[in-house]
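**Q** Questions regarding the structure given below will be posed in turn.
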Amino acid sequence: GFRRAPLSALAIVLTIAVGLGLVACVFTLYDASFLGNAIARPAELFVVRRPPTPGAKVWMPFTQPEYEALRRDTHVFSGVLAETGGTVDARINGRTATCRLVTGNYFQVLGVRPALGRPLTVDDDQAAGGAVMVLSDRGWRRLFAGDPAVVGRTAVVNGAPSAVVGVMPVDFRGFDFVDCWAPLSLLGEFRRAAAGDEKAPIDPNTRLEVIGRLAPGVSREVATSALTAWVAGNPEIEPFRNFPKTISLTSIAEASRVMSALSGLLLFVPLFFAFGLVLVIGCANVANLLLARGVARQHEIGIRLSLGASRRRIIRQLLTESLLLALAAAVGGFIVSRAILAGAVQLLATTLPPDIADQFALAAPAVNWRVAVFMVSGAIVSTVLFGLGPSLRATRAELVALYFEKSGLPPR
Numbered sequence: 001g002f003r004r005a006p007l008s009a010l011a012i013v014l015t016i017a018v019g020l021g022l023v024a025c026v027f028t029l030y031d032a033s034f035l036g037n038a039i040a041r042p043a044e045l046f047v048v049r050r051p052p053t054p055g056a057k058v059w060m061p062f063t064q065p066e067y068e069a070l071r072r073d074t075h076v077f078s079g080v081l082a083e084t085g086g087t088v089d090a091r092i093n094g095r096t097a098t099c100r101l102v103t104g105n106y107f108q109v110l111g112v113r114p115a116l117g118r119p120l121t122v123d124d125d126q127a128a129g130g131a132v133m134v135l136s137d138r139g140w141r142r143l144f145a146g147d148p149a150v151v152g153r154t155a156v157v158n159g160a161p162s163a164v165v166g167v168m169p170v171d172f173r174g175f176d177f178v179d180c181w182a183p184l185s186l187l188g189e190f191r192r193a194a195a196g197d198e199k200a201p202i203d204p205n206t207r208l209e210v211i212g213r214l215a216p217g218v219s220r221e222v223a224t225s226a227l228t229a230w231v232a233g234n235p236e237i238e239p240f241r242n243f244p245k246t247i248s249l250t251s252i253a254e255a256s257r258v259m260s261a262l263s264g265l266l267l268f269v270p271l272f273f274a275f276g277l278v279l280v281i282g283c284a285n286v287a288n289l290l291l292a293r294g295v296a297r298q299h300e301i302g303i304r305l306s307l308g309a310s311r312r313r314i315i316r317q318l319l320t321e322s323l324l325l326a327l328a329a330a331v332g333g334f335i336v337s338r339a340i341l342a343g344a345v346q347l348l349a350t351t352l353p354p355d356i357a358d359q360f361a362l363a364a365p366a367v368n369w370r371v372a373v374f375m376v377s378g379a380i381v382s383t384v385l386f387g388l389g390p391s392l393r394a395t396r397a398e399l400v401a402l403y404f405e406k407s408g409l410p411p412r
């Protein structure tokens, strides 16, 4: 059937491919921003904070000795990690990069395994362990061109050698878009390099953000009570002015450390709506084209019905044809989406100043199974949108009227 009407089939595929490709661009960006984060059981993760009063919106960060005491003396968490309160700028092999300094158990607590090499360990957190770092997927591709043999290479970080020990998978970004993670023991070196003073002292009271994973069977309320009792009875932890010492637990979603997929979807709704309209308009045009084809196929459909084929079977045949067209359009839509994203990246790379462009991971988001499922689902939805109506209309053939029309005899 497609061979008998190639121009019609080609027009349908191209029309749907453009609409699907535009929607796929938006979904790819949404997926890379909000769905691609392979943190295990994020609902169990809570930010540990010290508000001056219960319910207060301000909070006191922890020092490293206070974090060590919490990790050692409390048992409401199955794992506790700490990280710097913000990202740290660095230069890796002469290129600007963004790093996060974390404790050695960072990846173990988050429950993620590297794609290459190994994660950071507690031994890496010792100052004598040597400078090491773990790359994010974006840092691996941006700084090392996706070299599969990057593990074991030595990079120059802020003028000092550092070994690459691992690369995290593409669907993990932690709590920020960073290029690498390094042990907390390197914080002094990073800050000395930023200050341009090789003799700048290391601040032992560096403020850290602490995140814990609740132990099995421990609720948020029970953990809050136990931690508040612990901090109130610990004389080594300094109070904030004259306020009582308390602890609050805030989920990582509430703390805006990891925005939920639903919250991110609300941000992308206008884009999905705008480009979805293009797809709907394309489906409407394709439906009109299929209606015209249905009129031209009345004789064929009438013969099938007269030979005993049920209307349901004819509709199934026509929807199968529409689905094949939509799947071909999905392949074309994938090509369109990658071309649009690559073109946008190229435009930004040539428009932005080099110093600014180098600070961003200017690369099209990687393709994963979620994008493939979205394309196939889009093809199925498109089949219903443009194929069901014409199929129902085409199978309403009046066999007697068709007989007199084809025979040239006047109807009785």
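The sequence shown lines up with residues 1 to 412 when you count with our numbering.
Cβ atoms here follow ideal geometry from the backbone N, Cα and C, with glycine treated the same way.
With DSSP as the reference, label glutamate 189 as helix, strand or coil.
**A** Helix at glutamate 189.
**Q** Which residue's Cα is closest to the Cα of alanine 11: Gly282, Gly94, Ala32?
**A** Closest by alpha carbon: Gly282.
**Q** Considering just the uninterrupted stretch of the beta strand (DSSP E) at proline 183, what are its terminal residues?
**A** First-last of the beta strand (DSSP E) with proline 183: 180 to 183.
**Q** Quick check on this structure: which residue in Gln346, Thr350, Gly389 has the alpha carbon closest to the alpha carbon of serine 322?
**A** Nearest of Gln346, Thr350, Gly389 to serine 322, Cα basis: Gly389.
**Q** Leaving out five residues on either side along the sequence, give the residues of the same chain with a beta carbon under 7 Å from the beta carbon of asparagine 105.
**A** Gly79, Leu81, Val122.
**Q** Is it the case that the Cβ atoms of alanine 40 and glycine 111 are separated by a distance below 8 Å?
**A** Going by C-beta atoms, alanine 40 is nearer than 8 Å to glycine 111.
**Q** For the 8 Å Cβ check, are there 3 or more pairs between the stretch 161 to 170 and the stretch 93 to 101?
**A** No, they do not touch.
**Q** From the DSSP output, which residues share a beta bridge with leucine 208?
**A** The partner list for leucine 208 (beta bridge, DSSP) reads Phe62, Thr84.
**Q** In the DSSP assignment, find the alpha helix (DSSP H) that holds threonine 350 and state where it starts and stops.
**A** That run of the alpha helix (DSSP H) goes 311 to 351.
**Q** Once DSSP output is grouped into helix, strand and coil, what is the label at serine 162?
**A** Correct three-state label for serine 162: strand.
**Q** Tell me methionine 168's beta-bridge partners as DSSP assigns them.
**A** None; methionine 168 has no bridge partner.
**Q** Expressed to the nearest angstrom, what Euclidean distance is found between the alpha-carbon atoms of proline 216 and glycine 387?
**A** Whole-angstrom Cα-Cα distance: 51 Å.
**Q** Closest by CA to phenylalanine 413, which one among Gly1, Tyr30, Ala24, Leu22?
**A** Any answer about residue 413 is impossible in this case: the structure gives the chain only from 1 up to 412.
**Q** DSSP has glycine 251 in a bridge; who is on the other side?
**A** The amino acid at residue 251 is misidentified as glycine; the sequence shows serine. For serine 251, which the question treats as bridged, DSSP gives the partners Phe46.
**Q** Rounded to whole angstroms, what is the Cα-Cα separation between serine 219 and valine 336?
**A** Approximately 48 Å, taken between the alpha carbons.
**Q** Hey, out of Arg4, Ala38, Val13, whose CA is closest to asparagine 368's CA?
**A** Of the listed residues, the one whose Cα sits closest to asparagine 368 is Ala38.
**Q** When the Cα atoms are used, what is the spatial distance from leucine 135 to valine 222?
**A** Roughly 37 Å between the two C-alpha positions.
**Q** Are the beta-carbon atoms belonging to glycine 117 and glycine 166 less than 8 Å from one another?
**A** Taking 8 Å as the Cβ cut-off, glycine 117 and glycine 166 qualify as a contacting pair.
**Q** Check whether the Cβ atoms of leucine 101 and leucine 187 lie closer than 8 Å to each other.
**A** Yes, they are a contact pair.
**Q** For the stretch 47 to 62 and the stretch 247 to 255, state whether three or more C-beta atom pairs, one from each stretch, are separated by less than 8 Å.
**A** With the cut-off at 8 Å, the stretch 47 to 62 and the stretch 247 to 255 touch.
**Q** Closest by CA to alanine 155, which one among Arg91, Val13, Thr103?
**A** Nearest C-alpha to alanine 155: Arg91.
**Q** Grab the span of the alpha helix (DSSP H) containing leucine 307 for me, first residue to last.
**A** Where leucine 307 is concerned, there is no enclosing alpha helix (DSSP H), given that its DSSP letter is neither H nor E.
**Q** In the DSSP assignment, find the beta strand (DSSP E) that holds alanine 145 and state where it starts and stops.
**A** Neither: alanine 145 is in no beta strand (DSSP E) and is coded neither H nor E.
**Q** Cutting at 8 Å between CB atoms, please list the residues of its own chain near threonine 53, excluding the five before and the five after it.
**A** Result list for threonine 53: Phe243, Pro244, Thr246, in chain order.
**Q** Which residue wins for smallest C-alpha separation from glutamine 317, given the options Gln64, Cys25, Ala394?
**A** If we check each option's Cα against that of glutamine 317, Ala394 comes out closest.
**Q** Using 10 angstroms around the beta-carbon of isoleucine 380, count the other beta-carbons present and answer buried if the total reaches 16, otherwise exposed.
**A** Exposed: under 16 other Cβ atoms inside 10 Å.
**Q** I'd like the span of the beta strand (DSSP E) that includes alanine 95, first residue to last.
**A** With the sequence shown as reference, residue 95 is identified as arginine, and alanine is not the correct amino acid for it. That run of the beta strand (DSSP E) goes 95 to 102.
**Q** Going by DSSP, which residues form a beta bridge with threonine 154?
**A** For threonine 154, which the question treats as bridged, DSSP gives the partners Ala163.
**Q** Taking the beta strand (DSSP E) that valine 132 falls in, what are its first and last residues?
**A** Run containing valine 132: 132 to 135, per the beta strand (DSSP E) assignment.
**Q** Any idea if serine 310 is buried or exposed, counting beta-carbon neighbours within 10 angstroms, 16 or more meaning buried?
**A** That one is exposed.
**Q** Under the DSSP definition of a beta bridge, which residues are partnered with phenylalanine 177?
**A** Paired residues: none, contrary to the question.
**Q** Give me the residue from Ala145, Leu385, Val331, Leu327 with the minimum Cα distance to alanine 287.
**A** Checked all of Ala145, Leu385, Val331, Leu327; the closest Cα to alanine 287 is Leu385.
**Q** Out of curiosity, what's the CA-to-CA distance linking leucine 143 and alanine 131?
**A** Looking at the two C-alpha atoms, the distance is approximately 18 Å.
**Q** If you drop the 5 nearest sequence neighbours on each side, which residues of the same chain put their C-beta closer than 6 Å to that of arginine 207?
**A** The answer, listed in chain order, is Pro61, Gly85.
**Q** With 16 as the cutoff for other CB atoms within 10 Å, does phenylalanine 27 come out buried or exposed?
**A** Phenylalanine 27 comes out buried.
**Q** Can you give the Cα-Cα distance for aspartate 125 and glutamate 83, rounded to whole angstroms?
**A** If you take the alpha carbons of aspartate 125 and glutamate 83, they lie about 12 Å apart.
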